[in-house]
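Accompanying notes for the structure given below.
Numbering (my numbering), first residue to last: 141 to 571.
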C-alpha cells in the first residue's frame, strides 16, 4: 500500500468496487476531511472532490480472492473499525466483509444503498492451516465439479474436509454425484449442515446455509475476467494458507452400475443449463449419423430445445441410443466407462473430464478462460472469432447471460464449427 495515512485521519470507509460518486460518499456524514477512503483507482479523479484522503486499489473488486490483500493490512492496524459502503443490496455476511475480516478489522459497519446501517458479524480470523474445514458450494453441476478440487486438495494437505455441494437451481444436494469421495473428504447434505463441525467454514453462494463465522466468496462479484476456479483457489489460500491443485477434480459413482451395452462407446452430451441455450452446438444430429453406435446422454428438455429453437437442428439419432433418465451416480459411471465424450460446454462435460475419460468440449459464446477444466484428458475446440466469447460482454454482435442471449450474426461461433472439425479433434484426443 503506497499511499500514506495522515495522522489527522479518524475513520475509514471502504468502497469495494468502482462506480461510486461523491454524493454516495457524502452519505457517510460528518467532516470528510478526517475520512480515509479505500476506493478503486478508476474513481480517484471523481472522488478527489470529496475532500477525503484516497487510498486506491486496482484491478478486481476489493474481495477475498485478491492476491495483494495483505498489502492493505496496515489499514486494519491503523483503524480498529471501518464502514463498508454498498452500491447494491447485499446479503449478509458477504464476500466484501470477508476481505476486511481477513485484514483483521475488529468491527465492520455496513452502509446499505437505502441508508440503513448494520454491523457485519466478524468472527475470528483464521491463523495458519486448519485441522478441519467445511466447504459449502452452491452452483451448477459443472461449477461444483470444478470446485471439488478445493475439497480434494485440502484433504491431500491432511485437513479433515467436509464438502457440501448444492445445486443452485433446485437447492438440492449434489452429494450423490461425488459419492464416494476421496480419502479425507466427507460429504455433507444441506439439511445436515447444522451439525457439521469444523474449525474453518468456507461458503460460496450458499446463502441459506450461512453461519455467522463463515468466510464468504461470491464468484459473480469479482469485477475481473479470468479463470473462476483460480479465483476460488486464491480465496481458499487467503483464508487457510492452503494451495489448491485445480486438476484434482473428482466425481463418484463407483458404487453404481449401468447396463454393459452402454459401456465403452462414444457418449455425446447435447445439454446446457436452462437459460443458456446458445451454448448448444447445432450440428449434433449430423455428428451422431457419422459416429458408430454412439450414446446420447441428456435430459428430455435438451432434446426439446434442439427440436424447437430456430438456431438448432433437431436430434433424431436413428443409430444412437438415448439415455435421458439416469441419476447422477449412474451418469458418472456412464461417462467414466465411455470411450470418449463429446459435449457442449455444460455440466456433464465437466463430470466427464473429472472421471479421466477423454473429453472434447465444444465452446461457442461461453468463455474458455473462465470455464477451463485443467486436466490432461480434456481438449477444447473453439473458433477464433473476434466476437467470441461474448459471455458477460455488453458490446459486439452477441450476448451470453442467464436467460438473456442473442446474436446478430446467427451464432456463428457454433454454426461454423463443422462436424469435420469435431471429428478431426476427436482423432487428436483418441488415446
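Even for Gly, the Cβ is constructed at its ideal location relative to N, Cα and C.
Host beta strand (DSSP E) of residue i (start-end)
| i | result |
| --- | --- |
| residue 476 | Here residue 476 belongs to no beta strand (DSSP E); instead the alpha helix (DSSP H) covers 468-477. |
| residue 257 | 257-260 |
| residue 222 | 221-225 |
| residue 409 | 406-409 |
| residue 462 | 461-463 |
| residue 326 | 325-327 |
| residue 437 | 435-437 |
DSSP state of residue i mapped onto helix, strand, coil
| i | result |
| --- | --- |
| residue 195 | strand |
| residue 151 | strand |
| residue 189 | helix |
| residue 379 | helix |
| residue 335 | helix |
| residue 446 | helix |
| residue 419 | helix |
| residue 400 | helix |
| residue 265 | coil |
| residue 371 | helix |
Where the alpha helix (DSSP H) through residue i begins and ends
| i | result |
| --- | --- |
| residue 567 | 559-569 |
| residue 282 | 281-296 |
| residue 313 | Note, residue 313: premise wrong, no alpha helix (DSSP H); not H, not E. |
| residue 357 | Run containing residue 357: none in the alpha helix (DSSP H); it sits in the beta strand (DSSP E), 355-357. |
| residue 553 | 552-555 |
| residue 236 | 235-243 |
| residue 164 | 162-166 |
| residue 215 | 213-218 |
| residue 430 | 424-430 |
| residue 511 | 508-511 |
Residues that DSSP places opposite residue i in a beta bridge
| i | result |
| --- | --- |
| residue 541 | 544 |
| residue 118 | Residue 118 lies beyond the range of the chain shown here (141 to 571); nothing can be said about it. |
| residue 501 | 483 and 520 |
| residue 275 | 303 and 342 |
| residue 249 | 223 and 259 |
| residue 179 | 196 |
| residue 531 | 540 |
Candidates the options: closest to residue i by CA position
| i | options | result |
| --- | --- | --- |
| residue 499 | 506, 331 and 520 | 520 |
| residue 173 | 158, 185 and 150 | 150 |
| residue 147 | 446, 163 and 218 | 218 |
| residue 516 | 144, 544, 331 and 501 | 501 |
| residue 529 | 552, 543 and 229 | 552 |
| residue 289 | 463, 437 and 372 | 372 |
| residue 427 | 441, 459 and 489 | 459 |
| residue 159 | 550, 178 and 338 | 178 |
| residue 505 | 497, 466 and 554 | 554 |
| residue 434 | 300, 495, 482 and 180 | 482 |
| residue 390 | 492, 451 and 309 | 492 |
| residue 255 | 457, 246 and 228 | 228 |
| residue 443 | 462, 342 and 189 | 462 |
| residue 400 | 171, 194, 382 and 476 | 476 |
Beta-carbon proximity of residue i to residue j, cut-off 7 Å
| i | j | result |
| --- | --- | --- |
| residue 473 | residue 398 | yes |
| residue 411 | residue 486 | yes |
| residue 248 | residue 242 | no |
| residue 522 | residue 508 | yes |
| residue 469 | residue 388 | no |
| residue 579 | residue 238 | With the chain running from 141 to 571 in the structure shown, residue 579 is simply not present. |
| residue 511 | residue 420 | no |
| residue 152 | residue 222 | yes |
| residue 336 | residue 273 | no |
| residue 356 | residue 306 | no |
| residue 286 | residue 409 | no |
| residue 413 | residue 550 | no |
| residue 201 | residue 362 | yes |
| residue 380 | residue 270 | yes |
| residue 301 | residue 325 | yes |
| residue 457 | residue 471 | no |
| residue 478 | residue 407 | yes |
| residue 244 | residue 225 | no |
| residue 344 | residue 236 | no |
Any non-hydrogen atom of the ligand GDP closer than 6 Å to residue i Cβ
| i | result |
| --- | --- |
| residue 538 | Looking at this structure, you won't find the ligand GDP or any other ligand, since it has none at all. |
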